[in-house]
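Below is one structure, written out as structure tokens, with a few remarks after it.
2 protein chains.
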Amino acid sequence: MLITRASEYAILSLIVLSKADAPMDSETLSRELSIPKSFLAKILQALAKKEILKSFKGVHGGFSLALAPEDISMLEVMSAVEGKAPAVFECAPSREDCPSERANICSIWPFLNKLQGKIDLFLAELTLADILE
Amino acid sequence: MLITRASEYAILSLIVLSKADAPMDSETLSRELSIPKSFLAKILQALAKKEILKSFKGVHGGFSLALAPEDISMLEVMSAVEGKAPAVFECAPSREDCPSERANICSIWPFLNKLQGKIDLFLAELTLADILE
DNA sequence: ACTCAGGAGGCTATTATGGCTTTAGATTCG
DNA sequence: CGAATCTAAAGCCATAATAGCCTCCTGAGT
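Residue numbers (numbering that gives the first Met the number 0), protein chains in the order written: chain A, 0 to 132; chain B, 0 to 132.
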């Protein structure tokens, strides 16, 4: 899978968190957004691990943005949540690495690479700030 | 789901078909691209149904592009293959239609709408020709 | 010490992916 | 013209990945 529901939830959460002035806990976010609590918790943890969110334990704990909205790109968010970049193609990162079993794909690798590049650029330049403005 | 493997296979197929001068059957495409035959067949059928591909039955049958590459946008391809637009969000198309169960999401609907619009525009302007050039 | 909220793991349900078979339309050949 | 063959079309079934649920553990605040 390429772009999953987890990405959707991550972006929704980031929008809400960007408007909060104190950390919000995952249960509150879950209620606000009607997102399954335990699934959301994992997503928030992934974002915290990549330092897109800060996490706080304890009574008034929760999550808050670790970066300014203009420094949070959709590409980073998706990569963090999905554990890898939101690749459109599972082709190798370089033409040389193209696995032999898919040798015929290699011949069209330049086109895939071009498309992937366009998508990556778009997502990298699209920040949380662009959505909020 | 948002963007699936089916989209990947669809785009791969379109690239190959754009270089063919005669219809290619799904089995050949499947072999060329190392894509599961039956799954690919369904994808090609979906593209044919949306008139992105032309299909031909019989001995020298197969699929070929129904449109010029510059008239095939990634948005159309993804919509055709996934049965719906590659929405990042499952939010309602208009703020008024926002289902009550997700009432709290409605308050951030403008932001989602903005993001969705940006993504749609990007995908609508990205054509097969852009990849091939 | 107690409570609250994040971190981490396992388990189930749902959905996407892939396999297989049958039907229908088109072409070729006898 | 009719039979055989080829390939798309369409369905059902199996498997794999994702989405979602639950429990226990850890660290911070009171």
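Each residue gets a CB set at the ideal place from its N, CA and C atoms; glycine is no exception. Values in this document were obtained by computation on a predicted structure and should not be read as measured data.
Beta-carbon contacts of residue i that lie in its chain and below 6 Å, excluding the five residues immediately before and after
i: residue 42(A); result: 5, 8, 9, 80
i: residue 33(A); result: none
Beta-carbon proximity of residue i to residue j, cut-off 8 Å
i: residue 14(B); j: residue 110(A); result: yes
i: residue 61(B); j: residue 22(B); result: yes
i: residue 11(A); j: residue 71(A); result: no
i: residue 17(A); j: residue 68(A); result: yes
i: residue 114(A); j: residue 130(B); result: yes
i: residue 25(A); j: residue 40(A); result: yes
i: residue 74(A); j: residue 117(B); result: no
i: residue 65(A); j: residue 48(A); result: no
With 16 other Cβ atoms within 10 Å as the buried cut-off, status of residue i
i: residue 35(A); result: exposed
i: residue 120(A); result: exposed
i: residue 29(A); result: buried
Integer-rounded CB distance, given that residue j should sit under 8 Å from residue i
i: residue 122(B); j: residue 77(B); result: 7 Å
i: residue 2(A); j: residue 2(B); result: 4 Å
Same chain, Cβ closer than 8 Å to residue i, neighbours up to 5 away in sequence not counted
i: residue 38(B); result: 5, 8
i: residue 19(A); result: 63
i: residue 44(A); result: 54
i: residue 82(B); result: 45
i: residue 59(B); result: 21, 22
i: residue 27(B); result: 61
Own chain residues within Cβ distance below 7 Å of residue i, not counting five before or after
i: residue 31(A); result: 15
i: residue 88(A); result: 111, 115
My parser needs the alpha helix (DSSP H) runs of 4 or more residues fully inside the region 5-86 of chain A; what are they? 25-32, 36-48, 73-81
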